[in-house]
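Below is one structure, written out as structure tokens; comments come after it.
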Amino acid sequence: MQTRLVEYFLALHRERHFARAAASCNVSQPTLSAGIATLEAQLGKRLIVRDRKYAGLTPEGEAILPWARQLVAAADALEQAVGTTQGPLKGELRLGAIPASMPATGFLVEAIRTRFPELNVQVRALTSRQIERELAAFELDAGITYLDFEPPAHALAVPLYSERSRLVSAKDGIAVPEQPDWSDLAALPLCLLHQGMQNRRILDARLAALGLALRPIVTADSYIALLAIVRQGHLCSIMPDNHALLLQGLDWARITQLPETDEANRIGVIVSDRTPMSPLAQSVLGVARDLLLPKGYQLT
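Residue numbering for the sequence shown follows my numbering, starting at 2 and increasing by one per position.
Shown next, in the form of structure tokens:
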């Protein structure tokens with residue numbers, strides 16, 4: 002059985018469209034379709050439900066899915082292991098990062114590229130739950146996510162820094178207290194991440210412990226969207242301090258410190274706790290352990 006045929010099968014399941022799956026594999030659609038048909042013939046079972054277009058997996062296709070993912074991941078790791086004996090680590094590192102970590106992600110990627118200059122890095126903005134699922138499904142090599150609140154299962158972690166919250170508003174916009182207490186936030190017009198994002202769930206949990214609840218007027222899944230809304234001057238937002246660092250020097254932005262809570266939000270690099278560990282996962286952990294983030298980041 003050729004691993005390439007299994008890659009076609011996985012690509013079709015991921016893209017749910019023959020043309021897109023073929024493009025992701027850099028082959029023509031007839032080549033992909035023929036490859037999957039060959040795989041089905043080798044296994045003696047139909048794997049794909051076809052009704053003029055992709056309509057899902059058969060029960061047999063669902064049954065082999067986790068094994069197909071593991072087979073392709075093992076084949077990739079095998080090639081990387083052989084390659085590392087002959088020279089620098091090469092290939093593509095797939096990194097998932099929660100939106101809250103994006104400013105720090107740049108430092109990690111730079112450190113990876115410095116140590117492994119022939120390695121390509123693919124960064125995707127994902128929720129913490131997506132990162133955990135895709136690591137388990139061999140679709141990511143590593144992730145950057147929260148470590149303590151809803152801790153990821155079956156993962157090895159290296160803490161990078163601890164996150165604090167800041168109130169962000171427009172200088173010419175609504176009035177905010179100079180030294181706000183958490184209870185003051187309930188009276189402010191807010192735009193926040195939606196509750197599918199872990200940063201928001203952590204914020205809600207921290208405030209619930211204080212007997213408080215926030216009711217934002219607008220929710221989004223992007224800090225860029227929140228900043229664009231805040232800049233209009235009618236709403237304010239609560240963001241991680243590393244995002245606030247990016248706003249320093251902008252004439253419209255006002256950053257207000259919020260009271261510290263008893264618990265810091267640690268963010269770090271995670272990889273799946275598997276043996277043997279792939280060379281890519283090992284490389285990310287090694288870089289993360291040695292990474293020194295600049296002033297403004299702290300680890301509690």
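Note that CB positions come from ideal geometry on N, CA and C, so glycine has one too.
- Here residue 72 has 4, 7 as same chain residues with Cβ atoms under 7 Å from its own Cβ, once five neighbours each way along the sequence are excluded.
- Shown here for residue 295: not one same chain residue has a beta carbon closer than 6 Å to its own, the five before and five after excluded.
- Within the same chain, Cβ atoms closer than 7 Å to the Cβ of residue 122 are found at 94, 96, 110, 113, 114, the five residues on either side in sequence being excluded.
- Counting other Cβ atoms within 10 Å of its Cβ, residue 27 stays below 16 and is therefore classed as exposed.
- Here residue 83 carries a helix assignment [DSSP, helix/strand/coil].
- In the three-state DSSP reduction, residue 146 falls in the strand class (E or B).
- The DSSP-derived three-state label of residue 257 is strand.
- Annotated as distal: residue 133 and residue 91, with beta-carbon spacing of 7 Å or more.
- By the beta-carbon neighbour count (other beta carbons within 10 angstroms, threshold 16), residue 203 is buried.
- At the C-beta level, residue 161 and residue 268 come within 7 Å of one another.
- Your pair residue 23 and residue 29 checks out as a contact, with CB atoms roughly 6 Å apart and the cut at 8 Å.
- Between the stretch 182–202 and the stretch 235–254, the count of Cβ pairs shorter than 8 Å is three or higher; the stretches touch.
- Under the three-state reduction of DSSP output, residue 129 falls in the helix class.
- In this structure, residue 172 lies near residue 255, with their beta-carbon atoms less than 7 Å apart.
- By the neighbour-count criterion, in which 16 or more other beta carbons inside 10 Å mark a residue as buried, residue 244 falls on the buried side.
- The shortest C-alpha to C-alpha distance from residue 138 to any of 216, 66, 166, 103 is the one to 66.
- Distances from the alpha-carbon of residue 63 to those of 49, 177, 54 put 49 closest.
- The alpha carbon of residue 129 has as its nearest neighbour, out of 178, 196, 174, 78, the alpha carbon of 196.
- When DSSP states are grouped into helix, strand and coil, residue 45 belongs to the coil group.
- Per DSSP, residue 266 is not a residue of any alpha helix (DSSP H); the beta strand (DSSP E) it occupies stretches across 266–273.
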